[in-house]
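S.K.:
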Amino acid sequence: MSIIIVDALGAGRGRRLATVDVIGSGPRAVAGVLEKHDLDVNVYPVHVVLSKPELLAKASALFVSAMTVDVPAARKVKALWDRYSGGVAIIGGPIAADPYDALIRAGFQVAVIGEGEETLEELIPLILSGDLTPSSLSSIRGIAYLENSNIRLNPLRPIMSRVKISSYQPSVRVVKGYPNYFACRVYVEVVRGCSNYYRTTMPLPDGRKCIECHKCKTGPLEERYYCPQNIPPGCGYCSVPSLFGPSRSRSIESIVREVKGLIRIGVKRIILSGSDFLDYGRDILVEPNPLTDPREPPANISEIENLLSQISSIIEECGEKVFIGIENVKPCLVTEEVARVLGKFLRGSPVHIGCETGSAEHAHALGRPSSPGEALKAARLLKRYGLRPYLYFIHGLPGQTVETAKATVEVIERSAVIGVEKVTVYRFQPLPMSAFGDFPRAPPAYRDPASLMIWIAANRVNSQLKFKLVNKIVDAIVVKSQFKGRRFIAYPFRHGPVMLIRNERVAEKFIGKVVRVRITRVVSDRVVECVIVD
1 MSIIIVDALG AGRGRRLATV DVIGSGPRAV AGVLEKHDLD VNVYPVHVVL
51 SKPELLAKAS ALFVSAMTVD VPAARKVKAL WDRYSGGVAI IGGPIAADPY
101 DALIRAGFQV AVIGEGEETL EELIPLILSG DLTPSSLSSI RGIAYLENSN
151 IRLNPLRPIM SRVKISSYQP SVRVVKGYPN YFACRVYVEV VRGCSNYYRT
201 TMPLPDGRKC IECHKCKTGP LEERYYCPQN IPPGCGYCSV PSLFGPSRSR
251 SIESIVREVK GLIRIGVKRI ILSGSDFLDY GRDILVEPNP LTDPREPPAN
301 ISEIENLLSQ ISSIIEECGE KVFIGIENVK PCLVTEEVAR VLGKFLRGSP
351 VHIGCETGSA EHAHALGRPS SPGEALKAAR LLKRYGLRPY LYFIHGLPGQ
401 TVETAKATVE VIERSAVIGV EKVTVYRFQP LPMSAFGDFP RAPPAYRDPA
451 SLMIWIAANR VNSQLKFKLV NKIVDAIVVK SQFKGRRFIA YPFRHGPVML
501 IRNERVAEKF IGKVVRVRIT RVVSDRVVEC VIVD
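Under the UniProt record's numbering, think of the first position of the sequence shown as 1, with each following residue one higher.
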């Protein structure tokens, strides 16, 4: 049987407008399970499938990975699938947290909720036999499906142990289905879930409210799963703990095997992925209890150093120029020793730090484990040891006021002074299975005075930082362009805006190569112009 997996993550209506050079870990994890059962599987980003729908005709089953905002893209793929094939259609990823979105709005037969590997292993025999009847599906945990036009939601599946997670190996081969895969930032999962089991203290739309029992902060680790008010765990705006459970680390051996395989097929940029890289190995320190405390124990520095050391050795052995970066860190876990170890192996790497609000009181009410002051301290330490801190904020959050916005503006301005290289501001989007899932989506920044203050401050700081790039010489990878009017573009070797190459005739002979470029002009917050100087 031939199966096609369509990566619609972050595609919205059908094509990403940001992070165009990112290849996430989820679709490759799904492909790995299918390959384990000797099935023929290929993965393509959604824009490729929408432009070449004939790819669907070659497959017997369709899998789509999507986020909450990707319903339009998922629906387009399903419509093409019905026209070109009409076989089994299964959807997973964060979109599945709301079965109505996944099954009714997007039109799929089955939605896989949360961790998918064990669920897929039970679904595969049914897919092969073509028996996806409600009676057959009723015993499989972690899925939703339709029965007589009604949504049926089976019990969620218990989370897997770190040993079980490490027994599954994501596919390396299928990364070739992404255009310019060799130059993309390929994400390798190192930690799954999140250790923040604090709860928001804000009243929720249905009347639930924290009773200040403090069980989620001071109780035994296993008891922190449960809230007497049934408030979902984690930051109020985030669904990761509800969907994927507490943090669990993949084994160093499984990570190293995957990294080695990606390098072997030509990948040059690898990001060690997780909601918090500094949770890596912390779960080992509290076993057999779950890691449901975001602050204690401290980072497992020896395990982190061991992982980074082994990956560095692989790169040295292969003799290729390969960039290794990390995704996110919780500010509360960044210490001088942590920053020193990260700087030793990841000098020049961007590190994303969640701050979200500049108000300490607002941060506490949101359920965040770190204060804005800790975010600034973390940025300062990471900068000192040669890393490139990026700071995240969210406008329009529940509880936002003009006063919290003023505090956020102050933190944004202070962050630029201490060396933060980029400030990213997202609009609040309520996520299914998060505490804030029933709040309305925030309006655009220009329609809310407090949000507009935050957006203007971030835009001003980012503009100042971007113009500092002019005349800088950096490493970049030349690729064929997917943009109209351009034959070639470049992706920065480490991280940064897409680069339009002015001397395109020179670029042709460097496709897939790491070259030195000089930045000549800032085009927008996501694009710069450059010339190849090699």
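Cβ atoms here follow ideal geometry from the backbone N, Cα and C, with glycine treated the same way.
Would you mind reading off the limits of the alpha helix (DSSP H) that contains A79?
M.R.: 71-84 is the span of the alpha helix (DSSP H), which, as asked, contains A79.
S.K.: Please go through the same chain and pick out, in chain order, the residues whose beta-carbon is closer than 7 angstroms to the beta-carbon of V259, but skip the five residues on each side of it.
M.R.: V188, I270, I311, I314
S.K.: Kindly list the residues whose CB is nearer than 8 angstroms to the CB of R487, restricted to its own chain and excluding five residues on each side of it in sequence; keep chain order.
M.R.: K480, S481, E504, A507, E508
S.K.: Find the nearest neighbour of T201 within the set S167, A183, G236, A79, judged by alpha-carbon distance.
M.R.: G236
S.K.: Just to confirm the assignment, what range does the alpha helix (DSSP H) spanning residue 550 have?
M.R.: Any answer about residue 550 is impossible in this case: the structure gives the chain only from 1 up to 534.
S.K.: Taking only three categories from DSSP, how would you classify D38?
M.R.: In the structure shown, D38 sits in coil (DSSP, three-state: anything other than H, G, I, E or B).
S.K.: Taking its Cβ as the centre, do 16 or more other Cβ atoms sit within 10 Å of P369, making it buried, or is it exposed?
M.R.: So P369 ends up on the buried side.
S.K.: Which of helix, strand or coil does DSSP assign to S25?
M.R.: Three-state DSSP puts S25 in coil, outside helix and strand.
S.K.: Could you check which residue in D448, Y168, V338 has the C-alpha nearest to that of F428?
M.R.: D448
S.K.: Bridge partners for C530 per DSSP, in chain order?
M.R.: I501, I519
S.K.: Pull up the distance between the alpha-carbon of A18 and that of K52, whole angstroms please.
M.R.: 22 angstroms
S.K.: Distance, Cα to Cα, D40 vs H364?
M.R.: 48 angstroms
S.K.: Here's a check: name, in chain order, each residue in its chain whose Cβ is nearer than 8 angstroms to the Cβ of V71, leaving out the five neighbours to either side.
M.R.: I95, D101, R105, A106
S.K.: Do L291 and S247 come within 8 angstroms of each other at the CB atom, strictly closer than that value?
M.R.: Cβ distance < 8 angstroms, so S247 and L291 count as in contact.
S.K.: What does the Cβ neighbour count give for A61, buried or exposed, with the cut at 16 atoms within 10 Å?
M.R.: buried
S.K.: For P440, is the classification buried or exposed, using 16 other Cβ atoms within 10 angstroms of its Cβ as the cut-off for buried?
M.R.: exposed
S.K.: Within 10 angstroms of its Cβ, does G32 collect 16 or more other Cβ (buried), or is it exposed?
M.R.: buried
S.K.: Locate the alpha helix (DSSP H) running through P449, then write down its first and last residues.
M.R.: 449-467
S.K.: Whole-angstrom Cβ separation of L80 and L56, contact assumed at under 8 angstroms?
M.R.: 6 angstroms
S.K.: Can you tell me whether D38 is buried or exposed, with buried defined as 16 or more other CB within 10 angstroms of its CB?
M.R.: exposed
S.K.: Would V417 be called buried (16 or more neighbouring beta carbons within 10 Å of its own) or exposed?
M.R.: exposed
S.K.: Could you tell me which residues DSSP puts in a beta bridge with K321?
M.R.: Partner(s): none; K321 has no beta bridge.
S.K.: In three-state DSSP terms, what is Y178?
M.R.: coil
S.K.: Using CA atoms only, rank isn't needed, just tell me which of M453, L469, R516 is closest to V478.
M.R.: R516
S.K.: Using a threshold of 8 angstroms, state whether the C-beta atoms of I412 and V461 are closer than that.
M.R.: yes
S.K.: What residue from W455, F483, Y197 has the CA that sits closest to V402's CA?
M.R.: W455
S.K.: Closer than 8 angstroms by C-beta to P220: which residues in its own chain qualify, once you throw out the five before and the five after it? Chain order, please.
M.R.: N289
S.K.: Express the C-alpha separation of N154 and G114 in angstroms, rounding to a whole number.
M.R.: 12 angstroms
S.K.: Using the Cβ count rule (16 or more neighbours within 10 Å means buried), how would you classify N230?
M.R.: exposed
S.K.: Just reading off the beta strand (DSSP E) that D7 is part of, what are its end residues?
M.R.: 2-7
S.K.: So which of I489, I394, V267 has the shortest CA-CA distance to R502?
M.R.: I489
S.K.: Tell me whether the beta-carbon of V191 lies closer than 8 angstroms to the beta-carbon of V43.
M.R.: no
S.K.: Taking C-beta to C-beta, are T119 and G142 nearer than 8 angstroms?
M.R.: yes
S.K.: Checking the sheet assignment: what are the DSSP bridge partners for Y145?
M.R.: V110, R152
S.K.: Hey, how far is the Cα of A458 from the Cα of V409?
M.R.: 8 angstroms
S.K.: Return the first residue and the last residue of the beta strand (DSSP E) that C355 is part of.
M.R.: 350-356
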